[in-house]
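The sequence shown begins at 1 in UniProt numbering and counts up one residue at a time.
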Amino acid sequence: MAKGGWTYIVTDRPFGILYVGVTADLAERITAHREGRGSAFCRRWSLKRLVLAEPHDSIENAIVREKALKNWKRDWKLRLIAEINPTWDDLYDRING
Numbered sequence: 001m002a003k004g005g006w007t008y009i010v011t012d013r014p015f016g017i018l019y020v021g022v023t024a025d026l027a028e029r030i031t032a033h034r035e036g037r038g039s040a041f042c043r044r045w046s047l048k049r050l051v052l053a054e055p056h057d058s059i060e061n062a063i064v065r066e067k068a069l070k071n072w073k074r075d076w077k078l079r080l081i082a083e084i085n086p087t088w089d090d091l092y093d094r095i096n097g
């Protein structure tokens, strides 16, 4: 049975630096970012606020979406976040609660 996946965006603040990632375990991955065990880019810029999380039926679909999002213009990513999370709330507690 295929395991699902997630694409996500973390930032330091509303309209701040954006990082697009993919994972099979969203709660663990965001915990890693928050504890400084995430990517070097996230550690460097202190990106810990989860502002977008998209579930996918398979990790392969999540990887395809991550690659697409990484190729998007910044304005498109900001618009996507604003549509789904207009107040740029940190969604971490919703996934880890």
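From the three backbone atoms N, C-alpha and C, an ideal C-beta is built for every residue, glycine too. The model shown is predicted, which means the values in this text are computed figures rather than measured ones.
For residue j and residue i, the rounded distance between their alpha carbons
| i | j | result |
| --- | --- | --- |
| A53 | I9 | 7 Å |
| H56 | T7 | 8 Å |
| R44 | G38 | 10 Å |
| F15 | K3 | 32 Å |
| R94 | L50 | 10 Å |
| A82 | I17 | 15 Å |
| D89 | S58 | 26 Å |
Extent of the continuous beta strand (DSSP E) to which residue i belongs
| i | result |
| --- | --- |
| I9 | G5 to T11 |
Boundaries of the alpha helix (DSSP H) in which residue i is found, first to last residue
| i | result |
| --- | --- |
| N96 | Y92 to N96 |
Burial state of residue i (16 or more Cβ within 10 Å)
| i | result |
| --- | --- |
| R79 | exposed |
| residue 149 | The question about residue 149 has no answer, for the chain in this structure spans 1 to 97. |
| A62 | buried |
| I30 | buried |
| E66 | buried |
| G21 | buried |
Interface flag, residue i vs chain B, CB-CB below 8 Å
| i | result |
| --- | --- |
| D25 | Chain labels in this structure do not include chain B; a single protein chain is all it has. |
Under the three-state DSSP convention, the category residue i falls into
| i | result |
| --- | --- |
| T87 | coil |
>> Report the start-end ranges of each beta strand (DSSP E) in the UniProt domain "GIY-YIG" (3-79) that is 3 residues or longer and not cut off at the edges.
In response: Restricted to the UniProt domain "GIY-YIG" (3-79), the beta strand (DSSP E) segments that are unbroken, complete and at least 3 residues in length are 5-11, 18-23 and 49-56, listed in chain order.
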